[in-house]
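In terms of this note's numbering, the sequence shown opens at residue 187 and continues consecutively.
Don't be surprised by glycine CBs; every beta carbon is placed ideally from N, CA and C.
All of these numbers come straight from a predicted model, not from anything done at the bench.
One structure is given here, and the rest of the page talks about it.
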Amino acid sequence: MPRQMRILSESKIYHIMIRGNEKKDIFLDDEDRDRFLHIISEKNKEKRWHIYAYCLMDNHVHLLINEGVDEISRIMQRINISYALYFNRKYKRVGHLLQDRYRSENIEDDSYMLAAVRYVHNNPVKARIVNDAALYRWSSYNSYLGKGCRDPVGIDKDTVLGMFSADENQAVKLFTEFSKIVSNDVFADYPDDESEISLINAGTFVEDFLSDYGLTKESLKARQNVDLRNKLIQELLSRSNLSLRQIARLLDIGRGIVQRRMAGQRQLEK
């Protein structure tokens with residue numbers, strides 16, 4: 187099956203994830219992490235694009251990038267190739283270091299962007315590596331707090347902090363409070379359970395489902411296909427953490443349709 191075409195972000199902002207091939211670690215020591223951040227800085231010397239947040243985990247990376255006057259595919263290609271060459275040379279290895287294709291999620295409004303920044307910074311908390319994002323060295327979180335820490339990639343924190351307040355001290359205070367809010371935000375990620383449908387591969391799952399039944403998103407709305415539509419909605423409800431809004435947007439249907447299906451399923455389970 188041919189690769190699904192990426193839908194370009196109207197805002198030019200993307201939540202990007204890259205992961206080690208076969209889920210293997212891509213950072214074996216702090217020198218590796220430093221080199222990755224140096225590569226990001228080096229590839230953006232002319233400030234053609236902006237980075238709002240990053241978090242380096244052992245086997246994957248989260249980035250929040252505005253492609254600016256560049257193209258996200260070109261940005262990621264340059265970063266990934268440079269880091270893979272460094273890693274393979276250092277550890278005298280051959281073959282693919284990273285999964286063949288990075289994952290991306292479009293960020294189209296300010297509220298979703300702020301939630302994405304929070305999600306990226308709280309990855310180490312979610313993974314139970316630390317209990318406070320400020321205790322994790324390899325993310326951009328502390329750059330926002332202005333604690334005198336180094337900023338190796340030149341984070342565009344003014345854009346994010348400006349969404350909270352024009353006063354810098356107040357903005358940092360509100361940003362910190364916002365970052366500590368426990369939320370149920372659902373973002374594209376690598377699921378812990380590969381049988382679970384994540385937001386980023388839900389599009390492929392839907393494509394495969396429609397192909398199997400000879401349908402399109404448009405024909406899925408037809409009265410004669412209601413049962414199949416409900417079946418697809420139920421799969422997404424039971425096998426993912428996608429919100430009703432996200433499922434509705436994915437299938438190009440009204441949120442009420444998804445909500446009624448969920449209510450109907452709950453009624454059957456009583």
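- Relative to Phe350, the option among Ile341, Glu393 and Ser297 whose CA is nearest is Ser297.
- Runs of beta strand (DSSP E) with 3 or more residues, each lying fully within the stretch 195-241, are found at 199-205, listed in chain order.
- Annotated three-state conformation of Val247 is strand, per DSSP.
- Three or more beta-carbon pairs drawn from the stretch 229-240 and the stretch 328-346 are found closer than 8 Å, and the two stretches are therefore classed as touching.
- In this structure, the beta-carbon distance from Asn252 to Ile199 falls below 8 Å.
- According to DSSP, Ser290 shares a beta bridge with Ile202.
- The bridge partners DSSP lists for Asn252 are Ile199 and His236.
- DSSP places Arg264 in the uninterrupted alpha helix (DSSP H) bounded by Ile258 to Lys276.
- Per the Cβ contact rule, the stretch 196-215 is in contact with the stretch 275-290 (3 or more Cβ pairs under 8 Å).
- When secondary structure is reduced to three states using DSSP, Leu284 falls in the strand class.
- Taking C-beta atoms under 8 Å as the contact rule, Ile204 and Val247 qualify, at a distance of about 5 Å.
- In the DSSP assignment, Ser369 forms no beta bridge with any residue.
- Contact annotation: Val303 and Leu250 have beta-carbon atoms nearer than 8 Å.
- Per DSSP, Val346 is one residue of the alpha helix (DSSP H) stretching across Lys343 to Leu347.
- Only residues of its own chain outside the window of five on either side were considered, and among them Phe213, Leu242 and Trp324 have a CB closer than 6 Å to the CB of Arg219, listed in chain order.
- Going by beta carbons, Tyr322 and Phe361 fall outside the 8 Å limit.
- In the DSSP assignment, Ser326 is bridged to no other residue.
- Boundaries of the alpha helix (DSSP H) harbouring Tyr298: Asp296 to His307, taken from the DSSP string.
- Ranked by Cα distance from Leu423, the first of Ile443, Ser405, Leu406 and Ser197 is Ile443.
- Note on Ile225: 16 or more other CB atoms within 10 angstroms of its CB, so buried under the neighbour-count rule.
- Less than 8 Å separates the beta-carbon of Glu294 from that of Ser197.
- Taking a C-beta distance under 8 Å as the contact criterion, Gly340 and Ser227 qualify as a contact pair.
- Burial state of Ile367 is exposed, judged by a 10 Å Cβ sphere holding fewer than 16 other Cβ atoms.
- Going by beta carbons, Lys403 and Leu437 fall inside the 8 Å limit.
- Contact between Arg447 and Asn416 holds, since their C-beta atoms are separated by about 5 Å, short of 8 Å.
- Just so you know, the alpha carbons of Pro338 and Arg260 end up roughly 21 Å apart.
- With a cutoff of 8 Å on beta-carbon distance, Phe395 and Leu418 are scored as near each other.
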